[in-house]
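S.K.:
Number of protein chains: 2
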Amino acid sequence: MSANPYCYKYPRPALTADCVVFATAEDEGLQLLLIRRGGEPFRGQWALPGGFVNMDEDLHAAALRELEEETGFHPARLEQIGAYGRPDRDPRGRVITIAFLALVRRPDDPVRGGTDAEEAAWFPADQLPPLAFDHALLIEDARAMLRQRIRREPIGLDLLPQAFTLSQLQSVYEAALGAPLDKRNFRKKILRFDVLKELTGRRQTGHQRPAQLYAFDRAAYKRLQKQGIDFEC
Amino acid sequence: MSANPYCYKYPRPALTADCVVFATAEDEGLQLLLIRRGGEPFRGQWALPGGFVNMDEDLHAAALRELEEETGFHPARLEQIGAYGRPDRDPRGRVITIAFLALVRRPDDPVRGGTDAEEAAWFPADQLPPLAFDHALLIEDARAMLRQRIRREPIGLDLLPQAFTLSQLQSVYEAALGAPLDKRNFRKKILRFDVLKELTGRRQTGHQRPAQLYAFDRAAYKRLQKQGIDFEC
DNA sequence: TCAAAAGTGTTTACCATACACCCATGT
DNA sequence: ACATGGGTGTATGGTAAACACTTTTGA
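For the record, the sequence lines run as chains A and B. Heads up: the first sequence begins at 1437 in our numbering, then just goes up one per residue. Heads up: the second sequence begins at 1437 in our numbering, then just goes up one per residue.
1. Let me know if R1473 (chain B) comes out buried or exposed under the rule of 16 or more other beta-carbons within 10 Å of its beta-carbon.
2. So, at 7 Å on beta carbons, what are the nonlocal neighbours of F1667 (chain B) in its own chain, with the 5 sequence-adjacent residues on each side left out?
3. I want to know whether the stretch 1552-1562 of chain A touches the stretch 1532-1550 of chain B - three or more CB-CB distances under 8 Å.
4. Is it the case that the Cβ atoms of R1542 (chain A) and R1448 (chain B) are separated by a distance below 8 Å?
5. Can you pull the chain A neighbours of M1491 (chain B), defined as C-beta to C-beta under 9 Å?
6. Do the stretch 1454-1465 of chain A and the stretch 1567-1581 of chain A touch if we need at least three Cβ pairs shorter than 8 Å?
7. Enumerate, from N- to C-terminal direction, the unbroken beta strand (DSSP E) stretches of 3 or more residues contained entirely within the stretch 1601-1644 of chain B.
8. Please list, in chain order, all residues of the same chain as G1518 (chain A) whose beta carbon is under 8 Å from its beta carbon, the five residues on each side excluded.
9. For D1570 (chain B), I'd like the list of residues in its chain whose CB is within less than 8 Å of its CB, leaving aside the five on either flank, ordered along the chain.
10. Hey, how far is the Cα of R1585 (chain A) from the Cα of L1582 (chain B)?
11. With 8 Å as the threshold, decide whether the Cβ of Q1661 (chain B) is near any Cβ in chain A.
12. Strictly below 9 Å CB to CB, what residues from chain B border L1495 (chain A)?
13. Going by other Cβ atoms of all chains shown within 10 Å of its Cβ, with 16 needed for buried, is P1511 (chain B) buried or exposed?
14. Helix or strand or just coil, what does DSSP make of C1455 (chain A)?
15. Using a C-beta to C-beta distance shorter than 9 Å, which residues of chain A count as neighbours of F1667 (chain B)?
16. Measuring CB to CB, does W1482 (chain B) end up less than 8 Å from A1580 (chain B)?
17. Name the one or two DSSP bridge partners that Y1650 (chain B) has.
18. By Cβ distance below 7 Å, which residues in the same chain neighbour A1557 (chain B) in space, the five residues on each side in sequence not counted?
19. According to DSSP, is G1474 (chain A) helix, strand or coil?
20. Excluding five sequence neighbours on each side, which residues of the same chain lie with their C-beta closer than 8 Å to the C-beta of P1477 (chain B)?
21. Within 10 angstroms of its Cβ, does P1485 (chain A) collect 16 or more other Cβ (buried), or is it exposed?
22. Under a Cβ-count criterion, where at least 16 other Cβ atoms within 10 Å of its own Cβ denotes burial, should R1530 (chain B) be classed as buried or exposed?
23. From the DSSP output, in three-state form, read off Y1446 (chain B) for me.
24. When burial is assigned at 16 or more other CB atoms within 10 Å of the CB, is I1626 (chain B) buried or exposed?
25. Can you tell me which of the three DSSP states P1441 (chain A) falls into?
26. What's the call for A1439 (chain B), buried or exposed, on a 16-neighbour Cβ count within 10 Å?
27. Which partner residues does P1560 (chain B) have in the DSSP bridge list?
28. Would you mind sorting E1417 (chain B) into buried or exposed? The rule is 16 or more other CB atoms within 10 Å of its CB.
29. Name the chain A residues that come within less than 7 Å of Q1516 (chain B), Cβ to Cβ?
30. Quickly, what does DSSP pair I1532 (chain A) with across the bridge? List them, please.
31. Suppose the cutoff is 7 Å on Cβ atoms and the five residues either side in sequence are ignored; what does the same chain contact list for L1514 (chain B) look like?
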């Protein structure tokens, strides 16, 4: 920077990237990944995973790196929500954060903490603890974005394993939208797009009738998009 | 900042706010406001109006201020599009910009330049000159956002005077969506919401049959929203 | 009388919605 | 046998889309 003849002389804010990471759990609805802060300010409080962007690092890359460092997760999807920059949002001074929406499959084993994070844990998205900074606001916006996006793009699949049942998929939609859906109508709508292919294997979910497994057919989805048909579910 | 015990020591990027300002013109489709840069880098090239965010200034406020300084415009609407931060997007070094979508009524008199802007001018959104930085990308995203938003919220009205004809409103939608619409269907759909009220005066658009003028009924729209009915046009 | 835009209804096809019962399995 | 979730079809109402002519004015 200092070698560059055009280097700006203006005062500069600090820049962070934060991730709003959602997953779903069977019968427990939408889950949110939080970390307990290991440093000041807000030490010991719950907050979104995230941290400072390096000077030669893309915003997405920074969000991914921080998430990996603090929680070990690699999201299937990471989309920008927006920039949050109220002058008083950080007690240390001017800090702008770029928020990202991340969707992951929730693993069975508990999450571990990492750099700058004493602890990481999943919370039901409707029962969150008090949060550091303006993170409650970022989460609200992330949920709104998820609600909108899941109806127009097949991003719900990022929350499931490669092979899944229609009931699981329906649960994901119900968790994301926060409303129950009609089983028959849901199946009709989603199958009409022809982007799910039946897997010949079946599977036992325990002690009920085994359910048909499906996988997402990415090629078929691309074909739909090219035809300009918009997936709306 | 420096008085604050928690002040960050990380290297910091510079922070700017840029505005993608759209208007519509009769029979000319969607128009975009650009300025010709008065300083390096990209001196003399066309670019979005915008500039540095002050350290105690909200992002929206910064965008508004810069727009006012460079072009004299006060948009009816200013919404954040997102943050753009590729490390190589500015030859001077690391500069993050927050992009905003602004909608204005295009005045009859030509626009003036201002601080840091030799010149300001309207361009048809489909025939833009070469642009500085990654501004072509911001504009593409802004158009996508406009297309989506105009179908769910009555923001098209921000592009029109208080009293307008249904034909004018239809032109706005056609310009924003980039597609022709059926006149009868458009009128039916938009009038069904009961958010436009007829003004008793009429008006002569020149030398054809005079058209009915309408005004937006903000109270009626608020009522709709409370009922949870979503405006979709 | 002509040009130019304003204004107006009906038909059709599709899709969202609502709704209830039988099936396959494990215990 | 029964409990549990898996799986299926139909009827109805509403709305998006397609479509063409008459009206009013100024020139």
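Positions of the beta carbon are idealized from the N, C-alpha and C atoms, including for glycine. These numbers come from a predicted model, not from an experiment.
M.R.: The short version:
1. Indexing the second sequence from 1 puts residue 1473 (chain B) at position 37. Its Cβ being crowded by 16 or more others within 10 Å, R1473 (chain B) is buried.
2. For the purposes of this step, residue 1667 (chain B) is taken as residue 231 along the second sequence, with counting starting at 1. Excluding residues within five positions, the ones whose Cβ falls inside 7 Å are R1588, E1589, P1590, F1629 and L1660.
3. Too few Cβ pairs lie closer than 8 Å, so no.
4. What you label residue 1542 (chain A) is simply residue 106 of the first sequence in a count that begins at 1. What you label residue 1448 (chain B) is simply residue 12 of the second sequence in a count that begins at 1. Here R1542 (chain A) is not near R1448 (chain B), since their CB atoms are 8 Å or more apart.
5. As a working mapping, residue 1491 (chain B) is identified with position 55 in the second sequence. Residues of chain A passing the Cβ test: Y1446, P1447, R1448, P1449, P1523, G1529 and R1530.
6. By the Cβ rule, the stretch 1454-1465 of chain A counts as touching the stretch 1567-1581 of chain A, because three or more pairs are nearer than 8 Å.
7. Runs of the beta strand (DSSP E) inside the stretch 1601-1644 of chain B: 1632-1639.
8. The count along the first sequence starts at 1 and reaches residue 1518 (chain A) at position 82. So the list reads I1534, A1535 and D1577, once near-sequence residues are dropped.
9. Residue 1570 (chain B) sits at position 134 when you count from the first residue of the second sequence. Cβ neighbours of D1570 (chain B) beyond the five flanking positions: Y1520, R1522 and R1525.
10. Locating residue 1585 (chain A) in the first sequence gives position 149, where the first residue counts as 1. Locating residue 1582 (chain B) in the second sequence gives position 146, where the first residue counts as 1. The alpha-carbon atoms of R1585 (chain A) and L1582 (chain B) are separated by roughly 16 Å.
11. Within the second sequence, the letter at position 225 stands for residue 1661 (chain B). Cβ-Cβ to chain A under 8 Å: no for Q1661 (chain B).
12. Here residue 1495 (chain A) corresponds to residue number 59 of the first sequence, with the count starting at 1. In chain order: A1519, Y1520, G1521, R1522 and I1532.
13. Along the second sequence, one-based indexing puts residue 1511 (chain B) at 75. Per the 10 Å Cβ criterion, buried.
14. Within the first sequence, residue 1455 (chain A) is the residue found at index 19, counting from 1. Secondary structure at C1455 (chain A): strand, using DSSP grouped into helix, strand and coil.
15. Within the second sequence, residue 1667 (chain B) is the residue found at index 231, counting from 1. Within 9 Å Cβ-Cβ: nothing; F1667 (chain B) doesn't reach chain A, min ~15 Å.
16. Here the question's residue 1482 (chain B) lines up with position 46 in the second sequence. Here the question's residue 1580 (chain B) lines up with position 144 in the second sequence. Taking the C-beta atoms as reference points, A1580 (chain B) is found no nearer than 8 Å to W1482 (chain B).
17. Taking the first residue of the second sequence as position 1, residue 1650 (chain B) is located at position 214. Paired residues: B:F1600 and B:E1634.
18. Here residue 1557 (chain B) corresponds to residue number 121 of the second sequence, with the count starting at 1. Correct list, in chain order: L1470 and V1547.
19. Position 38 of the first sequence, counting from 1, holds the residue named residue 1474 (chain A). G1474 (chain A) falls in the coil class under three-state DSSP.
20. Indexing the second sequence from 1 puts residue 1477 (chain B) at position 41. Contacts found: D1526, P1527, R1528 and A1568.
21. Residue mapping note: residue 1485 (chain A) aligns to position 49 of the first sequence, counting from 1. With 16 or more other Cβ atoms within 10 Å, it is buried.
22. Position 94 of the second sequence, counted from the start, is the residue given in the question as residue 1530 (chain B). Buried, since its Cβ has 16 or more Cβ neighbours within 10 Å.
23. Working through the second sequence from its first residue, we reach residue 1446 (chain B) at position 10. Here Y1446 (chain B) sits in coil by DSSP.
24. On the second sequence, residue 1626 (chain B) is found 190 positions in, with the first residue counted as 1. Burial call: buried.
25. Mapped onto the first sequence, residue 1441 (chain A) falls at position 5. Residue placement at P1441 (chain A) cannot be trusted, given a pLDDT of 42 that sits under 50; the coordinates are not used to answer.
26. In the second sequence, the residue the question calls residue 1439 (chain B) occupies position 3. Only weak support is given to the placement of A1439 (chain B): the predicted model assigns it a pLDDT of 40, under 50, and the value that follows is read from those uncertain coordinates. Taking a 10 Å sphere around the C-beta of A1439 (chain B), we find fewer than 16 other C-beta atoms and assign the residue as exposed.
27. As a position in the second sequence, residue 1560 (chain B) is number 124, starting the count at 1. Under DSSP, P1560 (chain B) forms a beta bridge with B:Q1467.
28. For residue 1417 (chain B) there is no data in the structure shown, the boundaries of chain B being 1437 and 1669.
29. Position 80 of the second sequence, counted from the start, is the residue given in the question as residue 1516 (chain B). The contacting residues are G1518 and A1519.
30. Mapped onto the first sequence, residue 1532 (chain A) falls at position 96. When beta bridges are read from the DSSP output, I1532 (chain A) appears opposite A:L1451.
31. Start at 1 with the first residue of the second sequence, and residue 1514 (chain B) comes out as number 78. Annotation for L1514 (chain B): H1496, A1499, L1500, F1536 and A1538 place their beta carbon closer than 7 Å to its own, counting only its chain and skipping 5 residues before and after.
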